Each structure stands twice: as structure tokens, then as C-alpha cells.
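Here my numbering is used: position 38 in the sequence shown is 280, and no number is missing along the way.
Since the structure comes first, as C-alpha cells, the remarks are kept for the end.
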Amino acid sequence: MIEKSYFTPSEPIFNPFIVKANTSSKVSSLWQMRVKNRIAYNYSSTFTSIPQKYIVEEKRKSINLQKLKDLEKLEYNWNGNGAEPFTTEVLNNANYIYHNIIREPKIFPTGRKSIQFEYEKNNGDYLEFEIFHDRVEVYMEVSEEEKEITIPLINVVKKVNEVINEFFES
243 MIEKSYFTPS
253 EPIFNPFIVK
263 ANTSSKVSSL
273 WQMRVKNRIA
283 YNYSSTFTSI
293 PQKYIVEEKR
303 KSINLQKLKD
313 LEKLEYNWNG
323 NGAEPFTTEV
333 LNNANYIYHN
343 IIREPKIFPT
353 GRKSIQFEYE
363 KNNGDYLEFE
373 IFHDRVEVYM
383 EVSEEEKEIT
393 IPLINVVKKV
403 NEVINEFFES
């Protein structure tokens, strides 16, 4: 016959996340204090010290990820002007670029069988990447000067990030 043996620790084991507020045990009071301090520390260091721009970026990222998923579901005539659904190549290119760029864009579908990433500064400067199945067309307007270039898909992320840096450093 197999005997059951039970582990009986010399001190009670406490799960710091299940400590009751009205406990009389000295050990649990210490745990309670440590847990409260840890939660207060984590709360203050995590939530109150995050700059507002990062919170906005995370919200935009969530919106962008949903937009990219929604673009996959668009059917013929999604814009009311006979626009066709996006090809797998365009969707893959947009997802690849999106997941590797250095700043969160605003994302829009276009009726030209492309997906557009946009950036705009408070002073009105504007940058747009129009992602097609075989290339990326760039339009940039900085200080009322316009610039248009076409980026082939070879090393596309590196080149897109260079353009983004150039835009935000100007």
C-alpha cells in the first residue's frame, strides 16, 4: 500500500496575490505590505512615468493593426467607385513594411490598388508612402517643397525608414 505524504512547511506559504486584508498573521502582514508596496511601485513607475506620446503611439498601433486586418476583408466596390479588393502581394508588402518601420503611420486604403501610410507634422509638412504590389511611391512636402520618389521592394524597409528619418529631422 502506498502511503500518502503531505508537505507541511514550518511557516505558512502565502500567495502574495491572495493575501486577505484582515489577516492577523505577522507573516501575511509582511507579505501584504510588500505586495502593496510592489503594486504601488509598479503602478507609479509603469503608468505615471510613461510619456504621453508612447500611450498615443500604442493606441495608434492598435488601430493600425486592426485596419490592416480589415483591409484583407474588403470586397469589390468597397469604396463605391468600383475599387477592387487588395491583392495578397499588396497586403503582404504593407504588413511587412508596417511591422518594420520606425514610426506609427496613419493607414488608409486607396482606390489605386494600394495602401497608403501617412505622416503629418504640426507645421503642415506631409509624408506619404503608397504601397503597391511591386513598389512604394513616396510623396513628401516639406516647407512647401515637394519631392516624389519610387522605392523598389529591394531593401524597402531600410529605404522607407531613411525617408521617415529625413522627414522628421527636417
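Don't be surprised by glycine CBs; every beta carbon is placed ideally from N, CA and C.
Fair warning: this is a prediction, and the values are worked out from it, not measured in the lab.
Quick check: the Cα distance between Asp367 and Leu307, rounded to an integer number of angstroms? Reading the sequence shown from its first residue, position 125 is the one you call residue 367. Reading the sequence shown from its first residue, position 65 is the one you call residue 307. C-alpha separation (whole angstroms): 25 Å.
Does the structure place the region 326–345 close enough to the region 395–412 that three or more beta carbon pairs sit under 8 Å? Because the criterion of three Cβ pairs below 8 Å is met, the region 395–412 and the region 326–345 touch.
Could you compute how far the alpha carbon of Glu372 sits from the alpha carbon of Val298? Position 130 of the sequence shown, counting from 1, holds the residue named residue 372. Position 56 of the sequence shown, counting from 1, holds the residue named residue 298. Rounded to whole angstroms, the separation of the alpha carbons of Val298 and Glu372 is 24 Å.
At the level of alpha carbons, what is the spacing between Asn365 and Phe409? Counting from 1 along the sequence shown, the entry for residue 365 is found at position 123. Counting from 1 along the sequence shown, the entry for residue 409 is found at position 167. Going by the C-alpha atoms only, they are around 12 Å apart.
Span of the beta strand (DSSP E) around Tyr381: As a working note, residue 381 is residue 139 in the sequence shown. Taken as a continuous stretch (DSSP letters only), the beta strand (DSSP E) holding Tyr381 covers Arg377 to Val384.
Assuming the contact rule is C-beta atoms closer than 8 Å, Glu370 and Gln358 should be a hit. Round their C-beta distance to whole Å, please. Counting from 1 along the sequence shown, the entry for residue 370 is found at position 128. Counting from 1 along the sequence shown, the entry for residue 358 is found at position 116. Distance from Glu370 to Gln358 at the Cβ level is roughly 6 Å; contact confirmed, criterion being Cβ atoms closer than 8 Å.
For Gln308, the residue or residues it bridges with in DSSP: Your numbering for residue 308 matches position 66 in the sequence shown. Gln308 pairs with nothing; no bridge assigned.
In this structure, how does DSSP classify Glu346 when only helix, strand and coil are distinguished? For the purposes of this step, residue 346 is taken as residue 104 along the sequence shown, with counting starting at 1. Note: Glu346 maps to coil in three-state DSSP.
In terms of residues, what are the limits of the alpha helix (DSSP H) holding Lys400? Reading the sequence shown from its first residue, position 158 is the one you call residue 400. Per DSSP, Lys400 belongs to the alpha helix (DSSP H) from Val398 to Glu411.
Closest to Ile391 by CA distance: which of Val384, Phe328 and Val405 is it? The residue given as residue 391 occupies position 149 in the sequence shown. Checked all of Val384, Phe328 and Val405; the closest Cα to Ile391 is Val405.
How long is the line joining the alpha carbons of Arg354 and Leu333, rounded to whole angstroms? Numbered from 1 along the sequence shown, position 112 holds the residue referred to as residue 354. Numbered from 1 along the sequence shown, position 91 holds the residue referred to as residue 333. So the two alpha carbons sit approximately 13 Å from each other.
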